[in-house]
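Chemist: If you're matching positions, the sequence shown starts at 985 in this note's numbering and goes up one per residue.
Ideal Cβ placement from N, Cα and C applies to all residues, glycine included.
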Amino acid sequence: MIKEFKFTEIQAQAILDMQLRRLAALERKKLQDEYKELLERISYLEELLAHPEKILGVIKEDLKAIREKYGDARRTQIVDRTKGTLTSTDLLPDLDAWVSVGASGELTRQDQAKISPTVLRQIGKGAEVALLAANTRDVLYLFSQDGRSARLSVHEIPQNGSAKHLAELTEFTRRDDITAALAIPRITADESQGYLCLVTKGGSVKRVSMTDLLAANASDLTVINVDSNDRLGWVFHSSGKDEVILVSSAGKSIRFDENDVRSMGLAAGGIGGMKLKKGEQIVYAGVVDPNGELLTFTQNGFAKRSSFDQYSTQGAMAAASSPTS
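1) Could you check what DSSP says for Gln1298 in three-state terms: helix, strand or coil?
2) Give me, in chain order, the residues of the same chain whose beta-carbon lies closer than 7 angstroms to that of Ser1137; leave out the 5 immediate sequence neighbours on both sides.
3) I believe Arg1215 touches Ile1229 by the beta-carbon criterion, under 8 angstroms. Please report the beta-carbon distance rounded to the nearest angstrom.
4) Taking Gln1106 as part of the alpha helix (DSSP H), name the residues at either end of that continuous run.
5) Which complete beta strand (DSSP E) runs does the stretch 1253 to 1287 hold, if anything under 3 residues is left out?
6) Where does Val1183 sit, in a helix, a strand or coil, going by DSSP?
7) Specify, as a first and last residue, the run of the beta strand (DSSP E) that Glu1227 falls within.
8) If you measure between the beta carbons of Leu1180 and Val1189, is that distance less than 8 angstroms?
9) For a quick check, are the C-beta atoms of Gln1094 and Ala1081 less than 8 angstroms apart?
10) Can you check which of these residues, Val1245, Gly1178, Lys1262, Gln1283, is closest to Gly1254 by C-alpha distance?
11) Please give me, in chain order, every unbroken run of the alpha helix (DSSP H) with length at least 4 that falls completely inside the stretch 1186 to 1249.
12) How is Ala1114 classed by DSSP in three states: helix, strand or coil?
13) Taking Gly1110 and Gly1131 to be in contact with their CB atoms under 8 angstroms, please state how far apart those CB atoms are, rounded to whole angstroms.
14) DSSP three-state label for Leu1079, please.
15) Looking at Glu1155: is its Cβ nearer than 8 angstroms to the Cβ of Asp1204?
16) Tell me where the beta strand (DSSP E) around Gly1095 begins and ends.
17) Count the other CB atoms, across all protein chains shown, that sit within 10 Å of the CB of Ser1212; report buried if there are 16 or more and exposed otherwise.
18) With Arg1170 and Arg1121 assumed to form a contact (beta carbons below 8 angstroms), what rounded beta-carbon distance in angstroms separates them?
19) What is the DSSP secondary structure of Ile1043, reduced to helix, strand or coil?
20) Take the Cβ of Ala1300 as the centre, count every other Cβ of all protein chains shown within 10 Å, and call the residue buried at 16 or more, exposed below.
21) Got a sec? Which residues, its chain only, sit under 8 angstroms from Gly1187 by beta carbon, not counting five neighbours each side?
22) Closer than 8 angstroms by C-beta to Ser1309: which residues in its own chain qualify, once you throw out the five before and the five after it? Chain order, please.
23) Give the secondary structure of Ser1309 by DSSP, where H, G and I count as helix, E and B as strand, and everything else as coil.
24) For Leu1153, which of helix, strand or coil comes out of DSSP?
25) Would you tell me roughly how many angstroms separate the C-alpha atoms of Val1272 and Ile1062, rounded to the nearest one?
26) Going by Cα to Cα distance, which pick from Leu1278, Lys1053, Ala1202, Gly1041 is closest to Ala1355?
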């Protein structure tokens, strides 16, 4: 400063002293103001603590300010659920799946949404017993050749991995021969409709009310009493108003109203559905699709496709007709 402005030392010092005094005065004034504000804040807070109603007033004003600044229309929807009790089924995964049941008892499950037609064909080759379109909330019923049934939840079957033997998941053993499988929605006996139709290789037919099946508590139960020289071959669901068709190894068939076979209890045997000669057996049984067709094959490779309209309705055990003629 002395060199720049040619001040004397006394003049420069006077200027410096005067500036420092001003700075000190400003800093002192600032501290005094802060102190005064703190005292006022303390007094205000003590007043609030002493009067709870004033605290509520402050909260109210703060909420109003938040509403004015951030308030907008509700973005979420509040939906009134259908009246009822939450069940264990509601907690299960809800996915469509393909369930494969192999002749040796292997079970696999594949997600329908993630599987290609090529992979599905490969899986189908190993599904000698059944390839079922199911849901993970369904119950899988397995049926053995001696007329017994075991059940398990579809979601219990391992997904997209190696097959698991049914002996590890049900009451069946590795010695049991599984001949049929059925996926049934998880409903109560009171909600069930229709019938379970069972047909043996020897031509016996039986109907069981779905109510009786679903009401059974045993995990391993008898669904039909099968003769020692016979075996259960087909199990399918019917509405109570369907017609059933049986086809024999001799190329004969019979079509009849399912109500020709009365509903029976689980432990009962079946009644004769089709007359068979010695050495003959049933090779197919199922519900008639009025708009569908029947495709038949011979051991020598001949095939025939015929409309179900060509098969007249008869009574059970009536004279069979020939679909391959």
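Modeler: Let me spell this out:
1) Reading the sequence shown from its first residue, position 314 is the one you call residue 1298. In the structure shown, Gln1298 sits in a strand (DSSP, three-state: E or B).
2) As a position in the sequence shown, residue 1137 is number 153, starting the count at 1. Contacts found: Val1123.
3) Numbered from its first residue, the sequence shown carries residue 1215 at position 231. Numbered from its first residue, the sequence shown carries residue 1229 at position 245. About 20 angstroms separates the two Cβ atoms, so there is no contact after all.
4) For this step, residue 1106 is matched to residue 122 along the sequence shown. It spans 1101 to 1109 - the alpha helix (DSSP H) in which Gln1106 sits, taken as one unbroken run.
5) 1266 to 1271, 1277 to 1281
6) In the sequence shown, the residue the question calls residue 1183 occupies position 199. Note: Val1183 maps to strand in three-state DSSP.
7) To locate residue 1227, count along the sequence shown from 1; it is residue 243. Segment 1227 to 1232, the beta strand (DSSP E) holding Glu1227.
8) The residue labelled residue 1180 in the question sits at position 196 within the sequence shown. The residue labelled residue 1189 in the question sits at position 205 within the sequence shown. In this structure, Val1189 does not lie closer than 8 angstroms to Leu1180 by Cβ.
9) Locating residue 1094 in the sequence shown gives position 110, counting from the first residue. Locating residue 1081 in the sequence shown gives position 97, counting from the first residue. Contact: yes.
10) Position 270 of the sequence shown, counted from the start, is the residue given in the question as residue 1254. Nearest of Val1245, Gly1178, Lys1262, Gln1283 to Gly1254, Cα basis: Val1245.
11) 1194 to 1199
12) The residue given as residue 1114 occupies position 130 in the sequence shown. Three-state DSSP puts Ala1114 in a strand.
13) Counting from one through the sequence shown, the residue named residue 1110 turns up at place 126. Counting from one through the sequence shown, the residue named residue 1131 turns up at place 147. Going by Cβ atoms, the distance from Gly1110 to Gly1131 rounds to 25 angstroms, so no, they are not a contact pair.
14) Numbered from 1 along the sequence shown, position 95 holds the residue referred to as residue 1079. Note: Leu1079 maps to coil in three-state DSSP.
15) Mapped onto the sequence shown, residue 1155 falls at position 171. Mapped onto the sequence shown, residue 1204 falls at position 220. Yes, the Cβ-Cβ distance between Glu1155 and Asp1204 is below 8 angstroms.
16) Indexing the sequence shown from 1 puts residue 1095 at position 111. Looking at the sequence shown, residue 1095 is not Gly but Asp. 1090 to 1095 is the extent of the beta strand (DSSP E) around Asp1095.
17) In the sequence shown, counting from the first residue as 1, residue 1212 sits at position 228. Under this definition Ser1212 is an exposed residue.
18) If you number the sequence shown from 1, residue 1170 lands on position 186. If you number the sequence shown from 1, residue 1121 lands on position 137. Confirmed, Cβ separation roughly 5 angstroms.
19) Here residue 1043 corresponds to residue number 59 of the sequence shown, with the count starting at 1. If DSSP states are grouped into helix, strand and coil, Ile1043 belongs with the helices.
20) Residue numbering aside, residue 1300 sits at position 316 when the sequence shown is read from its first letter. Sixteen is the threshold: when 16 or more other Cβ atoms of the shown chains lie within 10 Å of the Cβ of Ala1300, as they do, the residue is buried.
21) One-based indexing of the sequence shown puts residue 1187 at position 203. Contacts found: Leu1230, Ser1232, Gly1256, Gly1257, Met1258, Lys1259, Leu1260, Gln1265, Ile1266.
22) If you number the sequence shown from 1, residue 1309 lands on position 325. Only weak support exists for where Ser1309 lies, its pLDDT of 47 falling under 50; the value from the coordinates is given anyway. Result list for Ser1309: Gly1235, in chain order.
23) Locating residue 1309 in the sequence shown gives position 325, counting from the first residue. At Ser1309, the pLDDT of 47 sits below 50, so the modelled position is not reliable; the number obtained from the coordinates is stated separately. Note: Ser1309 maps to coil in three-state DSSP.
24) The residue you call residue 1153 lines up with position 169 of the sequence shown. Secondary structure of Leu1153 (DSSP, three-state): coil.
25) Numbered from 1 along the sequence shown, position 288 holds the residue referred to as residue 1272. Numbered from 1 along the sequence shown, position 78 holds the residue referred to as residue 1062. Spanning the two alpha carbons is a distance of roughly 47 angstroms.
26) A query on residue 1355 cannot be resolved here, the shown segment of the chain reaching from 985 to 1309 and no further.
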